[in-house]
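Here the structure is laid out as structure tokens; the discussion comes afterwards.
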Amino acid sequence: MFSPKKYFIPLPLLLALASIGCQPQHSQKKPKQIKNSNEETVLLPKVIYGSDNRKDIYEVAILQHQRLAKSTVALIRSSSVNQRSDNSSSITAGIYGIEYGLCKDEPFYDQPNGAFCSGFLVAPDTIVTAGHCVGSQSECERTNFVFDYGVFAKDKFPKVVPSSGVYNCKKLIHSEVASTGSDFAVIQLDREVTDRSPLKLRQTGVIPEKEPLLVIGHPAGLPTKVADGASVRSVSTPFFTADLDTYGGNSGSAVFNEITGEVEGILVRGETDFTYRNGCRASNVCNEGSCRGEDVTKITQALPYIPAQPLREPASEDLGYTVSLSPNLEIPDNSATGILVTIPTFEAPGDRSIYLSVNIEHPWRGDLIVKLIAPNGQQYTVSSRSGGSRNDIVGTFPIDKSSWQGSSQIPLTEQTGDWALHISDRAYRDVGTIKEIELKFSHE
3 MFSPKKYFIP LPLLLALASI GCQPQHSQKK PKQIKNSNEE TVLLPKVIYG SDNRKDIYEV
63 AILQHQRLAK STVALIRSSS VNQRSDNSSS ITAGIYGIEY GLCKDEPFYD QPNGAFCSGF
123 LVAPDTIVTA GHCVGSQSEC ERTNFVFDYG VFAKDKFPKV VPSSGVYNCK KLIHSEVAST
183 GSDFAVIQLD REVTDRSPLK LRQTGVIPEK EPLLVIGHPA GLPTKVADGA SVRSVSTPFF
243 TADLDTYGGN SGSAVFNEIT GEVEGILVRG ETDFTYRNGC RASNVCNEGS CRGEDVTKIT
303 QALPYIPAQP LREPASEDLG YTVSLSPNLE IPDNSATGIL VTIPTFEAPG DRSIYLSVNI
363 EHPWRGDLIV KLIAPNGQQY TVSSRSGGSR NDIVGTFPID KSSWQGSSQI PLTEQTGDWA
423 LHISDRAYRD VGTIKEIELK FSHE
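First residue of the sequence shown? That's 3 in my numbering, and the numbers climb one at a time after it.
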């Protein structure tokens with residue numbers, strides 16, 4: 003078995019080990035296990051293929067990728083998460099570059115690395131990760147599952163997160179690390195996640211070779227990184243191999259089919275992360291198609307352990323259907339990437355009218371572009387830098403079904419799944435907040 007992408011070995015410990023003797027990095031045996039000072043198991047160490055495609059959330063221009071990232075989660079030791087009195091939680095973390103003994107020109111050198119593994123939402127109260135990340139109920143109970151551990155504006159690192167996005171383990175439903183290469187865990191959270199939707203999973207069949215891929219997770223424990231530009235190299239029975247830009251800490255990351263948006267698998271192991279350069283560590287860079295590749299357990303391996311979700315009764319045509327959110331999120335200043343708020347829905351509009359209500363606080367509303375995005379990616383412009391120097395955008399907007407940008411084989415009236423509100427601030431100085439959102443399908 004190749005090295006799981008779980009933990010890293012600090013530079014002093016690695017040098018001490020080197021003085022004892024060299025260990026093979028890629029034998030068919032399990033990597034040697036070492037106990038660190040906290041008595042946690044540390045596994046010998048992923049890697050860059052071609053160009054480094056990793057991006058912070060604020061750098062991601064593709065809205066679909068932003069939406070997928072909303073449903074990924076960081077696994078952080080409970081001892082590193084501290085509840086504060088203002089409904090927020092602080093994350094105790096080291097500095098990536100210092101912790102790893104990196105060369106100063108390594109990307110993300112100054113960012114915190116609080117996570118030890120990655121995961122993703124597959125049901126309202128259930129996440130999936132790698133089996134080697136959480137192997138027992140006691141390990142599960144010592145872990146917090148933290149959504150939105152990401153960089154949403156340049157140089158604004160997630161040292162504090164809303165406590166509403168921090169979850170505990172209720173039950174380890176299943177965990178396995180098999181000699182066949184299957185490696186996954188299914189975990190029930192202590193409560194349902196209501197402000198984002200479970201990801202869509204491949205249910206049957208096998209992903210073909212050369213299919214384009216996207217991975218979202220926490221390389222080396224860093225805040226969320228989105229990396230596209232990968233593809234499937236080869237397909238085996240319980241897993242497939244791909245040229246994904248991933249590291250230790252990416253274990254448990256969702257690997258998506260970039261065409262369908264479905265989860266194809268769980269990132270579990272791969273090539274050695276780092277090499278040495280003039281006394282410091284640098285990312286191991288492989289040419290496309292070279293090195294061993296990264297192994298991904300097929301999501302179909304986990305399907306039998308993911309609880310079936312009850313069917314929801316359709317809403318009454320007389321009452322309509324309404325989703326209300328209070329995200330209270332800051333809108334990044336002068337950023338075309340902006341902020342994307344997912345609006346989970348379980349119905350299509352049908353023949354009902356669509357209404358969007360918003361409460362956006364901003365001292366210069368003419369800076370803002372506001373778009374409603376349907377589940378198929380079609381966009382409706384609610385406001386495009388209108389209103390000049392007036393404050394705020396507050397009100398209810400009827401949505402004209404004939405004025406959407408983009409095309410789809412599925413009519414807008416039949417769209418089900420996540421809607422989203424995208425807000426971007428296109429000028430410097432003034433900073434705003436999205437306070438409230440309501441999406442309504444109604445005959446009124």
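We treat Cβ as the ideally placed atom computed from N, Cα and C, and that holds for glycine.
Sequence-distant residues of the same chain with beta carbon closer than 6 Å to residue i, five excluded per side
i: Asp58; result: Val153
i: Val433; result: Asp335
i: Thr398; result: Tyr357, Ser359
i: Pro299; result: Correcting the residue type first, residue 299 is Thr in the shown sequence and not Pro. Closer than 6 Å at Cβ, skipping near neighbours: Ser184, Asp185, Phe186, Phe241, Gly267, Ile268, Val270.
i: Ser328; result: Glu438
i: Thr94; result: Ser82
i: Ala232; result: Leu215, Ala244, Asp245, Leu246
i: Gln139; result: Leu174
i: Val162; result: Ser90, Ser92
i: Ser326; result: Glu440
i: His445; result: Arg354
Coil, strand or helix - residue i by DSSP
i: Thr262; result: coil
i: Arg431; result: coil
i: Thr243; result: strand
i: Pro221; result: helix
i: Ala187; result: strand
i: Glu332; result: strand
i: Gln68; result: helix
i: Leu414; result: helix
i: Gly408; result: coil
i: Val163; result: strand
i: Cys24; result: In this predicted model, Cys24 has a pLDDT of only 31, less than 50, meaning its place in the structure is not dependable enough to derive any value.
First and last residue of the uninterrupted beta strand (DSSP E) at residue i
i: Glu61; result: First-last for Glu61: undefined, no H or E at that position.
i: Ile395; result: 395-401
i: Ala229; result: 227-237
i: Lys300; result: 296-300
i: Leu342; result: 337-345
i: Arg283; result: 282-285
Cβ shell of residue i (< 7 Å), same chain only, five flanking positions each side left out
i: Pro200; result: Ser73, Leu123, Val124, Ala125, Pro126
i: Val168; result: Val83, Ser91, Asn146, Val148
i: Asn330; result: Thr435, Lys437
i: Gly390; result: Gly368
i: Arg392; result: Arg367
i: His176; result: Ala187, Val188, Tyr307
i: Ile301; result: Leu203, Arg204, Val265, Glu266, Gly267, Ile268
i: Pro309; result: Ala125, Thr128
i: Tyr60; result: Val153, Phe154, Ala155, Lys156, Pro334, Ser337, Thr339
i: Asp112; result: Ile97, Gly99
i: Ile412; result: Asn378
i: Gln190; result: Asp127, Thr128, Lys172, Lys173, Ile175
Cβ-based neighbour list, residue i, same chain, cut-off 8 Å, excluding 5 preceding and 5 following
i: Thr415; result: Ala350, Pro351, Gly352, Asp353, Lys403
i: Phe118; result: Lys8, Tyr9, Leu77, Ile78, Arg79, Cys135, Gly223, Gly251
i: Gly379; result: Leu65, Gln66, Gly408, Ser410
i: Ile261; result: Glu213, Pro214
i: Ser165; result: Gln85, Arg86, Asn89, Ser90, Ser91
i: Ser2; result: Because the chain is modelled from 3 through 446, residue 2 falls outside the range shown and cannot be assessed.
Proximity test, Cβ basis, 8 Å: residue i and chain B
i: Val136; result: Absence of chain B from the displayed structure is noted, only one protein chain being present.
Limits of the unbroken alpha helix (DSSP H) element including residue i
i: Arg193; result: Premise fails: Arg193 is in no alpha helix (DSSP H) and is neither H nor E.
i: His176; result: That residue, His176, is in no alpha helix (DSSP H); its beta strand (DSSP E) goes 171-179.
i: Arg354; result: First-last for Arg354: undefined, no H or E at that position.
For residue i, the residue or residues it bridges with in DSSP
i: Ile439; result: Leu327, Val360
i: Leu77; result: Cys119, Phe147
i: Tyr307; result: Tyr307 is not bridged to any residue.
i: Leu423; result: Val343, Leu374
i: Leu201; result: Beta-bridge pairing links Leu201 to no other residue.
i: Ser444; result: Ser355
i: Thr277; result: Ala284
i: Pro210; result: Answer is none; Pro210 lacks a bridge partner.
Quick one: which unbroken alpha helix (DSSP H) runs of 4-plus residues sit fully inside the region 81-161? Chain order, please.
98-102, 139-143
Quick one: which unbroken beta strand (DSSP E) runs of 3-plus residues sit fully inside the region 364-398? Chain order, please.
Entirely contained in the region 364-398, the beta strand (DSSP E) runs reaching 3 residues are, in chain order, 370-375, 381-386.
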